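K.L.:
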Amino acid sequence: MVAKMRKKRKKKATHRCALAFMAHPDDVEFFCAGTLIRLARMGWTIHIATATPGDCGTMTANRWSISATRTAEAAAAAVMIGATYHCLDERDGMVVYDKPTVQKTIDLFRRIAPMLVFTHAPKDYMMDHEMVSLLARAGSFMYGAPNISALPRLDNSVVPHLYYCDPSEGIDPLGRTVEPTTLIDISQEIETKARMLACHDSQRQWLRTYHGMEYIEAMKRHGAARGKMAGVGYAEAFVQHRGHAYPHDDLLGELLGKQQDTPGKI
Ligand SMILES: [Zn+2]
Numbered sequence: 004m005v006a007k008m009r010k011k012r013k014k015k016a017t018h019r020c021a022l023a024f025m026a027h028p029d030d031v032e033f034f035c036a037g038t039l040i041r042l043a044r045m046g047w048t049i050h051i052a053t054a055t056p057g058d059c060g061t062m063t064a065n066r067w068s069i070s071a072t073r074t075a076e077a078a079a080a081a082v083m084i085g086a087t088y089h090c091l092d093e094r095d096g097m098v099v100y101d102k103p104t105v106q107k108t109i110d111l112f113r114r115i116a117p118m119l120v121f122t123h124a125p126k127d128y129m130m131d132h133e134m135v136s137l138l139a140r141a142g143s144f145m146y147g148a149p150n151i152s153a154l155p156r157l158d159n160s161v162v163p164h165l166y167y168c169d170p171s172e173g174i175d176p177l178g179r180t181v182e183p184t185t186l187i188d189i190s191q192e193i194e195t196k197a198r199m200l201a202c203h204d205s206q207r208q209w210l211r212t213y214h215g216m217e218y219i220e221a222m223k224r225h226g227a228a229r230g231k232m233a234g235v236g237y238a239e240a241f242v243q244h245r246g247h248a249y250p251h252d253d254l255l256g257e258l259l260g261k262q263q264d265t266p267g268k269i
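Each residue of the sequence shown is one higher than the last, beginning at 4 in this note's numbering.
#1: Decide yes or no for the touch test of the stretch 78-89 against the stretch 133-142: beta carbon pairs closer than 8 angstroms, at least 3 of them.
#2: Around the Cβ of residue 181, are there at least 16 other Cβ atoms within 10 angstroms (buried) or fewer (exposed)?
#3: Residue 30: beta carbon under 7 angstroms from a heavy atom of ligand 1?
#4: Beta-carbon within less than 6 angstroms of residue 276's beta-carbon, same chain only, minus the 5 sequence neighbours each way: which residues are those?
#5: For a test of your reading of the model: does the CB of residue 203 fall under 7 angstroms from any non-hydrogen atom of ligand 1? Yes or no.
#6: At which residue ranges does the stretch 104-140 contain complete beta strand (DSSP E) runs of 3 or more residues, listed in the order of the chain?
#7: I want to check one thing, is the minimum distance from the CB of residue 251 to the heavy atoms of ligand 1 below 7 angstroms?
#8: Suppose the cutoff is 7 angstroms on Cβ atoms and the five residues either side in sequence are ignored; what does the same chain contact list for residue 259 look like?
#9: Under the DSSP definition of a beta bridge, which residues are partnered with residue 35?
#10: Leaving out the 5 sequence neighbours to the left and right, which residues in its chain are closer than 8 angstroms to residue 139 when beta-carbon positions are compared?
#11: Does the beta-carbon of residue 27, which I'm using as the reference point, lie nearer than 7 angstroms to any heavy atom of ligand 1?
#12: DSSP three-state call for residue 238: helix, strand or coil?
#13: Return the first residue and the last residue of the beta strand (DSSP E) that residue 51 is part of.
#14: Determine the DSSP secondary structure at residue 227, reduced to helix, strand or coil.
#15: Which residues in the same chain have their Cβ closer than 7 angstroms to the Cβ of residue 171, if we skip the five residues on either side of it in sequence?
#16: Should residue 214 be counted as a contact of ligand 1 given a C-beta to heavy atom distance under 7 angstroms?
#17: Name the DSSP beta bridge partners of residue 21, please?
#18: Does the beta-carbon of residue 26 have 16 or more other beta-carbons within 10 angstroms, so that it is buried, or is it exposed?
#19: Below 7 angstroms, is the gap between the Cβ of residue 50 and the nearest heavy atom of ligand 1?
#20: Within this structure, are the beta carbons of residue 253 and residue 184 separated by less than 8 angstroms?
#21: On the DSSP bridge assignment, give the partners of residue 87 in chain order.
#22: Just checking residue 131 against ligand 1 - is the residue's beta carbon closer than 7 angstroms to any of the ligand's heavy atoms?
#23: Which first and last residues belong to the alpha helix (DSSP H) in which residue 184 is found?
#24: Count the other C-beta atoms from every protein chain shown that fall within 10 angstroms of the C-beta of residue 73, then say buried if there are 16 or more, exposed otherwise.
#25: Out of 175, 150, 235 and 200, which one is the CA nearest neighbour of residue 80?
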């Protein structure tokens, strides 16, 4: 039985497909793009999905216009690493954990059958992020059940390794620092990550006005703080979901614990 399970785990390790599912266009680029760049360089298939098209991220444009702009920005950032962009077309500030949204999420996972999933921290500064974290947890657990979706069930539809990215500023809503289980060195990817984030040009002004935040500088500052923990220039931090039925081995740490891929391909 144990030998059989080991064999099964080995088979799963060959299915190199990762999904980063977050609430808004630019969240993935901010929180885990460095890690995605490294996986893409290693030949992984990368999918980036957002729950909303970012329809409230503006002080001036109407929701349709800003949605078109922001999904185009997200697609442009994804193209930089050969990733595919998806959007569930929910609404900013209104992402909820209900039957239709859970089904949409499960169908997204069903089409992709990811082995690695990245999502928001369970506790974060805004509710869209927390809802997407729950949705990703539900999607990753359920999508492989034959009766859960009308879409065909792909081979390798197993419960994936699920990783929570840092919450904003690395703190939960009560101001407590999140302790990562996994730190990934992105020192060589930081400038590409910054260029991916810069694709979201519409958000620079919005964040400056509404959040008082300088976008790329804030990303680099946080990456440097996490880098210090890891003893490198820049890092991204993750907490692995280790609940029942989820893989407990730190696949991400095993894959990227050492800077072993070749910089420069992306
Ligand atoms: Zn967000």
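Glycine is no exception: its CB is placed at the ideal position from the N, C-alpha and C atoms.
All figures in this text were calculated on a predicted structure; none of them were measured in a lab.
P.N.:
On the basis of the supplied data:
#1: no
#2: Start at 1 with the first residue of the sequence shown, and residue 181 comes out as number 178. Buried: at least 16 other Cβ atoms inside 10 Å.
#3: Start at 1 with the first residue of the sequence shown, and residue 30 comes out as number 27. Answer for residue 30: yes, Cβ within range of ligand 1.
#4: Absent from the structure is residue 276, since the part of the chain shown begins at 4 and ends at 269.
#5: In the sequence shown, the residue the question calls residue 203 occupies position 200. Residue 203: no, Cβ never under 7 angstroms from ligand 1.
#6: 119-122
#7: One-based indexing of the sequence shown puts residue 251 at position 248. Incorrect: residue 251 has no Cβ contact closer than 7 angstroms to ligand 1.
#8: One-based indexing of the sequence shown puts residue 259 at position 256. Cβ neighbours of residue 259 beyond the five flanking positions: 38, 41 and 187.
#9: Along the sequence shown, read from residue 1 onward, the residue named residue 35 stands at position 32. BP columns for residue 35 are empty, so no partner.
#10: Numbered from its first residue, the sequence shown carries residue 139 at position 136. Answer for residue 139: 24, 108, 120, 122, 123 and 165, listed in chain order.
#11: The residue labelled residue 27 in the question sits at position 24 within the sequence shown. Because some heavy atom of ligand 1 lies under 7 angstroms away, the Cβ of residue 27 counts as near it: yes.
#12: By 1-based counting over the sequence shown, the position of residue 238 is 235. Strand at residue 238.
#13: Taking the sequence shown and counting its residues from 1, the one referred to as residue 51 is at position 48. Run containing residue 51: 48-53, per the beta strand (DSSP E) assignment.
#14: Counted from its first residue, the sequence shown places residue 227 at position 224. Of the three classes helix, strand and coil, the one that applies to residue 227 here is helix, per DSSP.
#15: The sequence position of residue 171 within the sequence shown is 168, counting from 1. Excluding positions up to five away in sequence, the list reads 127 and 128.
#16: To locate residue 214, count along the sequence shown from 1; it is residue 211. No, the Cβ of residue 214 stays beyond 7 angstroms of every heavy atom of ligand 1.
#17: Residue numbering aside, residue 21 sits at position 18 when the sequence shown is read from its first letter. DSSP output for residue 21 lists 49 and 119 as bridge partner(s).
#18: Position 23 of the sequence shown, counted from the first residue, corresponds to residue 26. Residue environment for residue 26: buried (at least 16 other C-beta atoms within 10 angstroms of its C-beta).
#19: Position 47 of the sequence shown, counting from 1, holds the residue named residue 50. Outside the cutoff, so no.
#20: Within the sequence shown, residue 253 is the residue found at index 250, counting from 1. Within the sequence shown, residue 184 is the residue found at index 181, counting from 1. For residue 253 and residue 184, yes; Cβs fall inside 8 angstroms.
#21: The sequence position of residue 87 within the sequence shown is 84, counting from 1. In the DSSP output, where bridge partners are listed per residue, residue 87 has 50.
#22: Counting from 1 along the sequence shown, the entry for residue 131 is found at position 128. Yes, the beta carbon of residue 131 sits closer than 7 angstroms to at least one heavy atom of ligand 1.
#23: To locate residue 184, count along the sequence shown from 1; it is residue 181. Careful: residue 184 lies outside any alpha helix (DSSP H) and carries neither H nor E.
#24: Here the question's residue 73 lines up with position 70 in the sequence shown. Classification of residue 73: buried, given that the 10 Å Cβ count is 16 or more.
#25: On the sequence shown, position 77 is the one that residue 80 refers to. Answer by Cα proximity: 200.
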